[in-house]
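Chemist:
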Amino acid sequence: DARVTQTPRHKVTEMGQEVTMRCQPILGHNTVFWYRQTMMQGLELLAYFRNRAPLDDSGMPKDRFSAEMPDATLATLKIQPSEPRDSAVYFCASGLIPDGRSGANVLTFGAGSRLTVL
Amino acid sequence: QKEVEQNSGPLSVPEGAIASLNCTYSDRVSQSFFWYRQYSGKSPELIMSIYSNGDKEDGRFTAQLNKASQYVSLLIRDSQPSDSATYLCAVNAGSDMRFGAGTRLTVKP
């Protein structure tokens, strides 16, 4: 089965440290999403890419978060410096949208990266 | 106002009953609608998609869409304890995909 791979699965760090989460989308998928899930806020959209180009990162705190897709097999989400309020599960998801059309955007999620910032 | 809203529950139904989950959305240009199921500690997985007004059935699941009312629902017939999970409504407009906060469903034996 094709799957989205996320690393690390778990990360415990101290406030102020840099955190980098990585995602390998499904081969052939052209859209990659980063979500953050907490009990209070549910699943929040942070940023997404289509054909490696960033389309929207308005959901991210710009001063500390950055998302990149250096190649088709790797998407990264970086937090610098991390804060306790960043503690959450971060999901990467990928999907295929036919060029020029929206809709039918079925996503496959990775297993998530559980981040704890002390 | 949140873009995708769900009744947060928790919703508890007895085994064999019909569970009804509701979702409203605010963006009128939304085109595709999805229901994902998330077990505790796991990632969301797709169970239903619907693109046109009306009903769509898949086994024990029926999705209903009313674009005029900006409303989408999921019915689970003959609910089983294994259906106990959080159900997330997702709405796609353009390239993005936004989720509701989810409704936690418990099916009691």
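The listed protein sequences derive, respectively, from chains A and B.
Counted the way my numbering counts, the first sequence spans residues 1 to 118.
Counted the way my numbering counts, the second sequence spans residues 1001 to 1109.
Cβ atoms here follow ideal geometry from the backbone N, Cα and C, with glycine treated the same way.
Any idea which residues DSSP pairs A/S66 with across the strands?
Modeler: Its beta-bridge partners are A/K78.
Chemist: Can at least three beta-carbon pairs, one atom from the segment 51-60 of chain A and one from the segment 1052-1061 of chain B, be found at a separation below 8 angstroms?
Modeler: Too few Cβ pairs lie closer than 8 angstroms, so no.
Chemist: Please confirm whether A/F65 has its beta-carbon closer than 7 angstroms to some beta-carbon of chain B.
Modeler: Chain B, which has no Cβ nearer than 7 angstroms to the Cβ of A/F65, makes this no.
Chemist: What is the C-beta distance between B/A1090 and B/F1034, in whole angstroms, given that I count them as a contact (C-beta under 8 angstroms)?
Modeler: Yes, B/A1090 and B/F1034 are in contact; Cβ-Cβ is about 4 angstroms, under 8 angstroms.
Chemist: Could you tell me if A/G42 is buried or exposed, where buried requires 16 or more neighbouring beta carbons within 10 angstroms of its beta carbon?
Modeler: Classification for A/G42: buried.
Chemist: Tell me, please, whether the segment 1078-1090 of chain B touches the segment 1036-1052 of chain B by the rule of three or more beta-carbon pairs shorter than 8 angstroms.
Modeler: At 8 angstroms Cβ cutoff, the stretches touch.
Chemist: Quick one: which unbroken beta strand (DSSP E) runs of 3-plus residues sit fully inside the segment 16-61 of chain A? Chain order, please.
Modeler: Segments of the beta strand (DSSP E) lying fully in the segment 16-61 of chain A: 19-24, 31-38, 42-50 and 53-56.
Chemist: Of all the CB atoms in chain B, is at least one closer than 7 angstroms to the CB of A/G59?
Modeler: False, the Cβ-Cβ gap to chain B never drops below 7 angstroms.
Chemist: From A/S58 to B/S1008, what does the alpha carbon distance come to, in whole angstroms?
Modeler: Their Cα atoms are separated by approximately 25 angstroms.
Chemist: Taking C-beta pairs closer than 7 angstroms, name the residues in chain B that A/L55 reaches, listed in chain order.
Modeler: Going along chain B in sequence order, the residues near A/L55 (Cβ under 7 angstroms) are S1095.
Chemist: Specify the secondary structure class of B/S1082 as computed by DSSP and reduced to three states.
Modeler: Three-state result, B/S1082: helix.
Chemist: My understanding is that A/A111 touches A/Q6, with C-beta atoms under 8 angstroms, so please give their C-beta distance in whole angstroms.
Modeler: About 6 angstroms; that satisfies the 8 angstroms criterion.
Chemist: Does the Cβ of B/D1083 have 16 or more other Cβ atoms within 10 Å, making it buried, or fewer, making it exposed?
Modeler: Buried, since its Cβ has 16 or more Cβ neighbours within 10 Å.
Chemist: Since A/T73 contacts A/Q24 with CB under 8 angstroms, what's their CB separation in whole angstroms?
Modeler: The pair is a contact, with the Cβ atoms about 6 angstroms apart (cut-off 8 angstroms).
Chemist: So what's A/P84 in DSSP terms, helix, strand or just coil?
Modeler: It is helical.
Chemist: Excluding five sequence neighbours on each side, which residues of the same chain lie with their C-beta closer than 7 angstroms to the C-beta of B/L1046?
Modeler: Correct list, in chain order: F1034 and Y1036.
Chemist: Residues of chain B with CB under 9 angstroms from A/Y48, in chain order?
Modeler: Near A/Y48 (Cβ distances below 9 angstroms), the residues of chain B are S1095, D1096 and M1097.
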